[in-house]
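The sequence shown begins at 0 in numbering that gives the first Met the number 0 and counts up one residue at a time. All C-beta atoms, glycine included, are put in the ideal place defined by N, C-alpha and C. Remember, it's a predicted structure, so these values are computed and weren't measured experimentally. As structure tokens, the structure follows; a few thoughts come after it.
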Amino acid sequence: MPNRVRNPSSTRTDWRGTTTAERARERATRVRSPIKPPHTQRPPFPEYIQKNKDHCATLNNEPVPTSYRSGPELLLRCLEKRRDVYHYTVCFVVVMVGAEGKSMLGEAAEKLGFKAREERGVGAQTAAPVDAGAAAAKEDVPAVTALRNRAGESRSPYVRGHMNNPVAWQIFGDEAIELAKKENKLLFISIGYSACHWCHVMEKESFENDEVAAILNKDFIPIKIDREERPDIDRIYMNFVQATTGSGGWPLNVFVTPTLEPVFGGTYWHGPHSNTPQLELEDHVDFLGILSKLSQAWREQESRCRLDSAQILQQLKDFAAEGTLGGGVAKTGAEPGAGGLDLDVIDEAYQHLMSTFDTTNSGFGAAPKFPTPSKLSFLLRLPHFPQPVLDVVGAEEVKSAQFMALSSLRAMARGGIHDHIGHGFSRYSVTADWSLPHFEKMLYDNAQLLHVYLDAFLGLQKPDAELLGVVYDLAAYLTSAPIAREGGGFYSSQDADSFYRKGDKETREGAYYVWTARELETLLPSGGAAEIVSAFFGVSPDGNVAPSHDVHDEFINQNVLRIASTPSQLASQFGISESEVVETIKSAKRTLLAHREAERVAPNLDDKIVCAWNGIAIGALARAGSSLREVDGEMSEKCLDAAIRAARFVRREMYDEDAKTLRRVWRDGPGETAGFADDYAFLVEGLLELYEATFEDEWVRWADELQATQITHFLDPLSSGFFATAAAAPHTILRLKDGMDASEPSTNGVSASNLFRLASLLGDDKYEALAKETVGAFEAEIMQYPWLFGSFMPSVVAGVTG
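As structure tokens, then:
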């Protein structure tokens with residue numbers, strides 16, 4: 000890795016002629032917003048989470064434990080600001096944290112002047128008596144409707160997958176909400192997605208349990224939602240769960256009033272007969288206990304629950320208005336450079352990423368490890384920013400940035416997160432060394448990674464065979480079954496879990512992708528092929544998954560393929576030529592792929608088409624097609640054809656030519672949900688890439704139409720920036736703006752870039768002004784946490800340097 004020797008001289012000047020010392024004084028005196036991004040507010044993990052971080056979900060590309068449900072320290076900080084929410088906090092927090100959290104809150108309550116007591120029958124501390132009005136109301140119980148499971152009426156594969164549960168799942172919408180009002184019941188909203196491993200675990204443990212179903216069906220209105228279909232609902236309640244527990248992830252479960260105000264929430268809760276031994280479950284109430292406590296709380300203290308939920312919703316709205324939840328505050332017309340944003344934020348973003356870089360395994364932070372395409376793209380583009388940026392960041396630092404990105408991309412390509420047999424990358428790695436993935440494959444991950452590997456390959460002065468190979472691999476994944484739809488467009492994801500053998504009754508995580516040493520010996524020809532391939536992929540007779548990462552004993556004697564040796568090393572080890580090693584490995588891959596496809600049960604495919612994700616894939620394949628013209632004409636044509644057919648499919652099936660509006664999803668026809676801001680932003684970006692690859696005017700004209708619609712329906716006319724949902728969107732109790740990059744790039748970051756590009760292509764000064772205002776809307780957050788806004792950085796540079 001290049002040495003990072005910064006010029007310590009206080010006389011080094013930047014593009015403005017400002018010295019290093021002067022810039023430091025500027026930063027020291029600059030007024031910073033007190034805004035904290037939600038995931039930075041997460042309290043310290045208890046010891047057992049440190050030991051079991053493979054049981055984590057993600058939010059904003061950061062790990063958040065699905066087994067850790069409460070942050071007493073975070074909650075107490077909230078209490079110090081809002082003493083009126085004390086009752087809400089202590090009524091329910093011990094459900095999640097058990098005796099330890101209960102003790103912590105009890106001690107803190109005394110410090111804050113509360114006198115907490117134990118309430119019999121509830122098992123939680125409370126600061127208020129039983130609601131007399133609610134108790135009296137029990138005499139007038141509304142009629143109860145016998146519910147039936149309606150999950151089969153949904154088009155979502157994820158929701159339909161719950162159609163045989165004993166839980167009487169309802170479809171989110173007016174009918175279910177009116178039923179909750181009529182019967183005066185809490186709604187239980189469970190949000191997940193098809194490829195989510197822990198969503199399937201909770202279904203098996205709880206939603207297939209008759210005792211759980213009986214309580215849910217009697218005391219609540221249970222609703223199942225696909226987060227990919229309704230990201231607006233997911234986003235609202237994720238912010239609530241983050242703010243009240245300090246963590247978030249999927250499955251996301253919330254109890255809400257009939258007016259949709261959140262009462263209580265969390266993520267994965269273990270079922271009554273959980274077989275998850277590594278979690279210290281004895282100190283945690285299971286899902287049955289949670290249902291019992293929530294049912295009793297609503298029955299006996301309904302008015303207090305309503306009051307507390309209304310207060311918390313108002314606080315979330317206040318946070319959104321301040322920018323804490325991505326609301327973004329800026330004066331109308333604010334733009335980069337005018338109110339404090341300058342090129343120093345580029346340097347600060349780089350410095351933070353450098354400080355979190357894993358010098359041993361590459362990537363950022365500890366396990367679990369995520370590809371973080373937005374961060375890698377930012378680092379790879381640093382050398383190509385204008386000279387003023389290089390002056391601020393420094394030449395050696397720019398080299399270091401490129402090194403961090405390239406080493407991370409190589410480590411990922413060689414690791415178990417990469418499917419070396421059938422193409423594509425898994426969602427993330429459980430281990431810091433990229434060796435053990437969670438095996439779900441997402442369209443948006445692989446499309447973003449194609450963009451990033453293209454950035455890496457094109458940014459080098461000399462061709463790099465390894466990086467080009469990954470570009471081919473990702474292009475093949477996106478243009479082939481099962482992800483590519485035959486008639487155009489791209490499906491959403493592949494599950495992590497599948498049956499190990501045909502006829503099995505229980506699915507296992509990664510079953511489709513792992514191998515035993517004996518399988519390789521049986522399938523590969525004699526003469527040493529199995530030994531060579533085993534050495535190349537790190538295959539062991541005892542398996543290569545550590546027992547600490549195999550708590551369910553799913554990987555005994557199983558191997559996750561990852562590159563453990565080079566062809567040169569193997570040639571020396573086995574006394575053959577390097578070309579023979581390479582050919583042996585290629586032949587083995589073909590054999591293993593044929594066996595896998597013929598003999599194993601493929602993971603379930605979520606075959607809905609999400610507009611936003613198709614936009615990302617269209618852009619990535621258009622770039623690949625353009626970039627590979629001189630390298631491989633056949634692959635170039637294949638990529639461009641897939642991008643064009645997908646764009647035409649979206650226009651034909653998901654776009655209303657009269658209203659100029661998009662639908663969010665398509666599955667056997669367009670869905671009912673209107674497109675969100677990210678659908679417009681990512682599709683516009685994809686169309687602009689397609690225009691630059693083909694120079695066909697239809698794509699830029701359509702991009703212009705879509706941009707106009709996005710402005711009409713999503714632009715904040717007061718503070719700039721784009722809301723995630725339209726003003727007229729139903730059941731929107733909280734309008735938020737996406738500022739930070741998460742598993743997908745920021746909607747507003749992409750929108751700002753689109754506006755700059757359209758301004759240049761069309762000569763439209765209004766677009767350029769709006770692009771600058773969009774960046775300015777997030778000025779405070781970008782200044783505070785620039786490393787979380789990588790997708791904004793090209794627009795920051797464009798706005799400052801012109």
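Check whether residue i and residue j have beta carbons under 7 angstroms apart
i	j	result
S574	N558	Note on residue identity: the sequence assigns Gly, not Ser, to residue 574. Not a contact, by the Cβ cut-off of 7 angstroms.
E505	D496	no
V143	E182	yes
V469	Y443	no
R159	G172	no
L592	G421	yes
I615	F713	no
Y476	P602	no
E577	S564	no
S492	M411	no
S354	S407	no
L405	V397	no
N208	G288	no
E767	A776	no
Y192	R229	no
T708	K659	yes
V532	A587	yes
L315	L733	yes
6 angstroms Cβ shell around residue i - same chain, five flanking residues per side excluded
i	result
G789	S373, K374, F377 and D740
E260	S308, A309 and L312
F254	L185, F187, V262, F263 and L293
C638	A474, L620, A623 and G624
E106	Bear in mind that a pLDDT of 47 at E106, under 50, signals an unreliable position, so the number given afterwards is only what the model happens to contain. So no residue of the chain qualifies.
T39	Low local confidence applies: a pLDDT of 30 at T39 is under 50, so the model's placement there is unreliable, with the coordinate-based value given in what follows. Answer for T39: no residue qualifies.
P385	T800
R41	With a pLDDT of 32 at R41, under the threshold of 50, the modelled position of that residue is not reliable, and the figure given next carries that caveat. Counting only Cβ-Cβ distances below 6 angstroms, and skipping sequence neighbours, we find G245 and S246.
G458	L379
R149	Q169 and I170
W698	L686, L689 and Y690
G415	S434, L435, P436, V559 and R561
Supposed close pair residue i, residue j - CB separation, criterion 8 angstroms
i	j	result
W612	F489	7 angstroms
R234	L735	6 angstroms
F554	D231	In fact, because the Cβ distance is near 38 angstroms, the residues do not count as touching under 8 angstroms.
Q401	P382	6 angstroms
E520	A534	Rounded, the Cβ-Cβ distance is 13 angstroms, inconsistent with contact.
A641	T478	4 angstroms
D678	E743	Incorrect: roughly 11 angstroms between the Cβ atoms, too far for contact.
E202	H272	No, E202 and H272 are not in contact; Cβ-Cβ is about 14 angstroms, not under 8 angstroms.
L661	V683	Wrong, their Cβ atoms sit about 10 angstroms apart, outside the cutoff.
H548	T359	About 18 angstroms; that fails the 8 angstroms criterion.
P367	S428	6 angstroms
N252	S189	5 angstroms
Chain B contact for residue i (CB, 7 angstroms cutoff)
i	result
G632	The displayed structure is made up of one protein chain only, and chain B is not part of it.
Beta-carbon proximity list for residue i, same chain, < 8 angstroms, skipping 5 on both sides
i	result
T773	S719, G720, F721, N747, S750, A751, L754 and S794
V796	L342, I345, F384, P385 and V388
DSSP beta-bridge partners of residue i
i	result
I188	I222 and V253
T660	D655
K440	Q493
D605	S492
R507	S497
Q169	I222
S428	K368 and P436
K736	F722
W514	N558
F356	F363
Beta-carbon proximity list for residue i, same chain, < 7 angstroms, skipping 5 on both sides
i	result
D606	P156, Y490 and R666
S153	R159 and I170
F219	K184, L185, L186 and F187
V392	I345, D346, Y349 and L381
Practice task
Would you be able to state if there are at least three C-beta pairs under 8 angstroms between the stretch 201-215 and the stretch 461-473?
Solution key: Segments in contact, no.
Exercise for the section: Inspect the CB distances between the stretch 646-657 and the stretch 478-492 and report whether three or more fall short of 8 angstroms. Expected result: yes
Handout entry: Sufficient close CB pairs (3 or more, under 8 angstroms) joining the stretch 559-572 to the stretch 509-528
Key = Yes, the stretch 559-572 touches the stretch 509-528.
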